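Undergrad: Sequence order for the protein chains is A and B. For the first sequence, full-length UniProt numbering puts the final residue at 342, and the numbers step up evenly by one. For the second sequence, full-length UniProt numbering puts the final residue at 285, and the numbers step up evenly by one. Where a beta carbon is used, it is the ideal one built from N, C-alpha and C, also for glycine. Note that the coordinates shown come from a computational prediction; the quantities given were computed from them, not determined experimentally.
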Amino acid sequence: MAVMDQAQAPAPPQGPAGKGVKSRAARPAAYITKKVFALVATLFVASLAVFFSRFLVPGDPARFLLRGRSPKPEALEEITRQFGLDKPAWEQYLNWLGGILHGDWGRSLTYRQDVSDVLLGRLPTTLQLVALAAVFITVLGLFAGIVASLNKGFGDRFILITLTAAGAVPPFVAAIALVALFSVGLGWFPSFGSGDGGWDRIWHLTLPALALGITYIAMVARVTRSSMNEQLLREHVEVATSRGLTRGSVVARHVLRNALGPILTVSGVLVAGLLVSSAIIERTFGLSGIGQLLVQSIDRLDFAVVQAIVMVVVAAFVLVNTVVDLIQPLIDPRIAAGTESR
Amino acid sequence: MTLAISLPQAGLRRYGSLLSPLAWVALAVAAAVVLLSLFAPVLAPYDPDYVDLNNVLAGPGAQHLLGTDALGRDLFSRLMHGGRTSLLGPTIVVIGSTVLGLLLGLVAGWSEGWLGKVLGRVFDLLFAFPALLMAMLAIALFGKGLFAPILAMTIAYVPYVARLAQSLVVAERSRPYVQAYRVLGFRTPWVVLGRVLPNLIPTVGAQSTLNFGYVLADLAALSFIGLGVQPPTSDWGAMIEESRGALLGGYILPAFWPALVVVLVVVAVNVIGEELSDRIGGKLS
Numbered sequence: 001m002a003v004m005d006q007a008q009a010p011a012p013p014q015g016p017a018g019k020g021v022k023s024r025a026a027r028p029a030a031y032i033t034k035k036v037f038a039l040v041a042t043l044f045v046a047s048l049a050v051f052f053s054r055f056l057v058p059g060d061p062a063r064f065l066l067r068g069r070s071p072k073p074e075a076l077e078e079i080t081r082q083f084g085l086d087k088p089a090w091e092q093y094l095n096w097l098g099g100i101l102h103g104d105w106g107r108s109l110t111y112r113q114d115v116s117d118v119l120l121g122r123l124p125t126t127l128q129l130v131a132l133a134a135v136f137i138t139v140l141g142l143f144a145g146i147v148a149s150l151n152k153g154f155g156d157r158f159i160l161i162t163l164t165a166a167g168a169v170p171p172f173v174a175a176i177a178l179v180a181l182f183s184v185g186l187g188w189f190p191s192f193g194s195g196d197g198g199w200d201r202i203w204h205l206t207l208p209a210l211a212l213g214i215t216y217i218a219m220v221a222r223v224t225r226s227s228m229n230e231q232l233l234r235e236h237v238e239v240a241t242s243r244g245l246t247r248g249s250v251v252a253r254h255v256l257r258n259a260l261g262p263i264l265t266v267s268g269v270l271v272a273g274l275l276v277s278s279a280i281i282e283r284t285f286g287l288s289g290i291g292q293l294l295v296q297s298i299d300r301l302d303f304a305v306v307q308a309i310v311m312v313v314v315a316a317f318v319l320v321n322t323v324v325d326l327i328q329p330l331i332d333p334r335i336a337a338g339t340e341s342r
Numbered sequence: 001m002t003l004a005i006s007l008p009q010a011g012l013r014r015y016g017s018l019l020s021p022l023a024w025v026a027l028a029v030a031a032a033v034v035l036l037s038l039f040a041p042v043l044a045p046y047d048p049d050y051v052d053l054n055n056v057l058a059g060p061g062a063q064h065l066l067g068t069d070a071l072g073r074d075l076f077s078r079l080m081h082g083g084r085t086s087l088l089g090p091t092i093v094v095i096g097s098t099v100l101g102l103l104l105g106l107v108a109g110w111s112e113g114w115l116g117k118v119l120g121r122v123f124d125l126l127f128a129f130p131a132l133l134m135a136m137l138a139i140a141l142f143g144k145g146l147f148a149p150i151l152a153m154t155i156a157y158v159p160y161v162a163r164l165a166q167s168l169v170v171a172e173r174s175r176p177y178v179q180a181y182r183v184l185g186f187r188t189p190w191v192v193l194g195r196v197l198p199n200l201i202p203t204v205g206a207q208s209t210l211n212f213g214y215v216l217a218d219l220a221a222l223s224f225i226g227l228g229v230q231p232p233t234s235d236w237g238a239m240i241e242e243s244r245g246a247l248l249g250g251y252i253l254p255a256f257w258p259a260l261v262v263v264l265v266v267v268a269v270n271v272i273g274e275e276l277s278d279r280i281g282g283k284l285s
């Protein structure tokens with residue numbers, strides 16, 4: 001189909017042909033290299049920030065790491081040895097970074113276990129929660145945005161007002177409201193725990209995922225709506241309609257595809273936001289995931305775990321952003337070619 | 001493509017004279033909440049921490065306007081007092097991040113050399129740390145309460161202001177009026193602070209207004225999970241947390257009122273912020 005479309009399409013205006021062909025072959029590699037380099041550089045600087053944040057706290061680092069626990073001499077000695085506190089700062093950092101790259105994330109004071117083991121045990125719940133929230137966000141957000149964009153007048157106004165209200169509901173308020181309505185009021189969904197595997201898990205995670213996603217459902221819907229509205233006015237849509245294509249195929253192939261760019265752009269922010277907000281949602285619904293672990297570790301002054309989770313979330317954000325940057329040219333080749341003009 | 005022709009007008013004039021009816025309502029709601037919180041010590045009918053175990057979970061009525069919580073404390077009084085901590089945090093964060101962001105954005109936008117590039121990279125990096133995450137890291141370092149999250153969120157919101165200011169400064173820099181001042185030999189600090197800065201304030205102000213809502217929600221969330229304002233100090237987020245037991249027992253009101261106030265304030269602030277940014281016609285992310 002795509003080939004036929006190209007054959008039928010009028011020849012594009014001839015630019016400086018030789019240069020265009022050459023750069024099209026050379027650019028993707030350069031583009032990818034640049035993005036990957038930016039990814040590594042950002043992660044490196046972020047790791048510096050996360051590691052050296054500890055040095056902002058005045059006083060003895062060993063006592064800081066042992067806050068809330070009895071600072072016995074042997075404990076202080078143990079923590080000094082474990083974190084290498086007697087070594088210079090840069091050496092501590094290199095050891096920490098080397099450890100992270102080799103899967104040694106330090107030891108948790110609370111769990112008396114390796115941080116990586118604690119994290120891995122909690123990861124599935126959080127990933128399932130975030131994945132379910134992402135499904136809700138994609139399905140409900142795109143649906144609401146598309147419906148709003150295609151129904152001018154009352155429907156659009158109604159959805160827009162609902163979205164503005166929904167976007168202003170903080171996740172923890174949404175969680176409380178959903179529990180009040182669906183757990184206490186109607187008794188349809190449980191308000192606590194993550195259930196057993198399979199459908200029971202999904203049943204338990206439905207309310208948390210909705211609470212987690214509500215802000216982003218509104219955000220994705222709004223971006224979809226405005227992005228589609230922008231596309232609907234463009235000439236190529238008019239041309240497609242005048243060629244006799246059905247409304248559905250015009251919307252799916254000529255409006256939605258072009259509208260995807262801005263929607264993808266927000267997904268990096270979205271994933272980081274979901275991971276961070278999951279701290280609050282998991283705590284509210286008693287799910288033992290990474291977010292709950294982060295809050296507990298702050299509560300129990302277990303700094304090694306906090307450091308590791310902060311690094312994981314930042315890495316997830318940077319990684320998703322890079323992936324989005326790499327996918328975008330596939331949807332809109334003008335971005336890689338650097339000739340994007342809207 | 002519409003061709004937008006905007007002349008550099010004197011700063012705040014760009015806000016226009018009249019807001020829409022919806023924005024007026026939002027402004028009235030916000031003003032009412034601020035005034036009630038500000039004058040809580042004078043206006044509140046009860047001591048917010050006064051426990052009355054004979055009057056637990058009372059419904060709304062003449063004695064207790066909005067009812068009482070699980071310890072018999074007057075919800076209306078607690079809401080008014082809670083507004084003081086709940087609004088103070090976002091106010092400090094927004095003022096701090098706006099001032100810092102404007103300054104850094106001005107420097108980054110004005111300097112064409114390495115300084116602008118480095119600052120741009122720093123802003124990009126800061127975006128990788130979500131505000132709530134930064135706040136939690138700060139709490140892990142400096143302890144629970146309002147100080148650590150306020151400090152962290154001020155820093156976290158600087159790039160939102162600074163990036164915007166930077167792009168605006170770059171646009172302003174090439175405008176004829178700036179060129180004219182330079183040709184006439186006016187000193188750079190005078191041109192930047194006296195003539196360019198006022199033109200940034202409307203757009204940046206709109207962004208900062210929107211930021212206020214996000215910060216309020218995040219700080220309330222921190223109090224809700226027990227990392228922010230500590231009980232028994234009343235705070236909207238902490239009030240919702242305290243009311244969870246009552247909620248599961250079927251008493252919705254103690255959690256409903258603070259939740260309603262949080263949502264109302266955030267909606268009001270968002271409406272005002274979006275109205276302002278629409279009026280300016282600037283594109284806010």
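Could you round the C-beta distance between residue 106 of chain A and residue 316 of chain A to whole angstroms and report it? I think they count as a contact, below 8 angstroms.
TA: For the purposes of this step, residue 106 of chain A is taken as the residue at position 106 of the first sequence. For the purposes of this step, residue 316 of chain A is taken as the residue at position 316 of the first sequence. Incorrect: roughly 19 angstroms between the Cβ atoms, too far for contact.
Undergrad: Distance cutoff 9 angstroms, beta carbons only. Does residue 89 of chain A sit that close to anything in chain B?
TA: The residue given as residue 89 of chain A occupies position 89 in the first sequence. Look at residue 89 of chain A: its C-beta is not under 9 angstroms from any C-beta on chain B.
Undergrad: Quick one: does residue 211 of chain B have its CB under 9 angstroms from some CB of chain A?
TA: In the second sequence, residue 211 of chain B corresponds to position 211, counting from 1. Chain A places no beta carbon closer than 9 angstroms to that of residue 211 of chain B, leaving this residue out of the contacts.
Undergrad: Starting from the beta carbon of residue 56 of chain A, find every residue of chain B whose beta carbon is closer than 7 angstroms, and list them in chain order.
TA: Against the first sequence, residue 56 of chain A aligns to sequence position 56. Residues of chain B passing the Cβ test: 141.
Undergrad: Quick check on DSSP: helix, strand or coil for residue 113 of chain A?
TA: Taking the first residue of the first sequence as position 1, residue 113 of chain A is located at position 113. Three-state DSSP puts residue 113 of chain A in a strand.
Undergrad: Can you find a C-beta in chain B that's less than 9 angstroms from the C-beta of residue 299 of chain A?
TA: On the first sequence, residue 299 of chain A is found 299 positions in, with the first residue counted as 1. Chain B contact via Cβ: present.
Undergrad: Would a C-beta distance cut-off of 9 angstroms place residue 269 of chain B and residue 26 of chain B closer than the cut-off?
TA: Indexing the second sequence from 1 puts residue 269 of chain B at position 269. Indexing the second sequence from 1 puts residue 26 of chain B at position 26. Cβ distance < 9 angstroms, so residue 269 of chain B and residue 26 of chain B count as in contact.
Undergrad: Tell me, please, which residues DSSP counts as bridged to residue 74 of chain B.
TA: The residue you call residue 74 of chain B lines up with position 74 of the second sequence. Looking at the DSSP assignment, residue 74 of chain B forms a beta bridge with B:68.
Undergrad: By alpha-carbon positions, which one of B:100, B:230, B:212 ends up nearest to residue 119 of chain B?
TA: By one-based count along the second sequence, residue 119 of chain B stands at place 119. Nearest neighbour of residue 119 of chain B by Cα position, chosen from B:100, B:230, B:212, turns out to be B:100.
Undergrad: Assuming residue 108 of chain B and residue 156 of chain B form a contact by the criterion Cβ under 8 angstroms, report the distance between their Cβ atoms to the nearest whole angstrom.
TA: As a working note, residue 108 of chain B is residue 108 in the second sequence. As a working note, residue 156 of chain B is residue 156 in the second sequence. That pair is no contact at about 17 angstroms.
Undergrad: Counting only runs of 4+ residues fully inside the region 197 to 244 of chain A, write out the alpha helix (DSSP H) ranges in chain order.
TA: 199 to 232, 235 to 242
Undergrad: Does any residue of chain A bring its CB to less than 9 angstroms from the CB of residue 156 of chain B?
TA: Counting from one through the second sequence, the residue named residue 156 of chain B turns up at place 156. Closer than 9 angstroms: no.
Undergrad: Quick one, which of B:180, B:167, B:184, B:34 has its alpha-carbon nearest residue 111 of chain B's?
TA: Against the second sequence, residue 111 of chain B aligns to sequence position 111. The candidate whose alpha carbon is nearest that of residue 111 of chain B is B:167.
Undergrad: Any Cβ of chain B within less than 9 angstroms of the Cβ of residue 277 of chain A?
TA: Here residue 277 of chain A refers to the residue found at position 277 when the first sequence is read from its first residue. Yes, its Cβ sits closer than 9 angstroms to a Cβ of chain B.
Undergrad: Unbroken alpha helix (DSSP H) runs of length 4 or more, entirely within the region 129 to 186 of chain A: which are they?
TA: List check, alpha helix (DSSP H) in window: 142 to 150, 154 to 167, 171 to 178.
Undergrad: Are residue 224 of chain A and residue 271 of chain B closer than 9 angstroms when you measure CB to CB?
TA: Here residue 224 of chain A is taken as the residue at index 224 of the first sequence, counted from 1. Here residue 271 of chain B is taken as the residue at index 271 of the second sequence, counted from 1. Not a contact, by the Cβ cut-off of 9 angstroms.
Undergrad: Please report how far the alpha carbon of residue 210 of chain A lies from the alpha carbon of residue 193 of chain A, in whole angstroms.
TA: Along the first sequence, read from residue 1 onward, the residue named residue 210 of chain A stands at position 210. Along the first sequence, read from residue 1 onward, the residue named residue 193 of chain A stands at position 193. About 15 angstroms.
Undergrad: Against chain B, with Cβ distances strictly below 9 angstroms, would residue 157 of chain A count as a contact?
TA: For this step, residue 157 of chain A is matched to residue 157 along the first sequence. Answer no: the Cβ-Cβ gap between residue 157 of chain A and chain B never drops below 9 angstroms.
Undergrad: Three or more beta-carbon pairs under 8 angstroms between the region 45 to 65 of chain A and the region 319 to 331 of chain A, yes or no?
TA: no
Undergrad: If you pair each beta-carbon of the region 35 to 50 of chain B with each one of the region 72 to 79 of chain B, do three or more pairs fall below 8 angstroms?
TA: yes
Undergrad: Under 9 angstroms, Cβ to Cβ, is there at least one residue of chain A near residue 248 of chain B?
TA: Counted from its first residue, the second sequence places residue 248 of chain B at position 248. Chain A, which has a Cβ nearer than 9 angstroms to the Cβ of residue 248 of chain B, makes this yes.
Undergrad: Determine the contact status of residue 290 of chain A and residue 42 of chain A, defining contact as a CB-CB distance below 9 angstroms.
TA: Mapped onto the first sequence, residue 290 of chain A falls at position 290. Mapped onto the first sequence, residue 42 of chain A falls at position 42. Taking 9 angstroms as the Cβ cut-off, residue 290 of chain A and residue 42 of chain A do not qualify as a contacting pair.
Undergrad: Would you mind sorting residue 216 of chain A into buried or exposed? The rule is 16 or more other CB atoms within 10 Å of its CB.
TA: Translated into the one-based positions of the first sequence, residue 216 of chain A becomes position 216. Residue 216 of chain A is buried by the Cβ-count criterion.
Undergrad: Going by the CB atoms, is the gap between residue 92 of chain B and residue 202 of chain B shorter than 9 angstroms?
TA: Start at 1 with the first residue of the second sequence, and residue 202 of chain B comes out as number 202. Start at 1 with the first residue of the second sequence, and residue 92 of chain B comes out as number 92. No, they are not a contact pair.
Undergrad: What does the Cβ neighbour count give for residue 187 of chain A, buried or exposed, with the cut at 16 atoms within 10 Å?
TA: Mapped onto the first sequence, residue 187 of chain A falls at position 187. Burial call: exposed.
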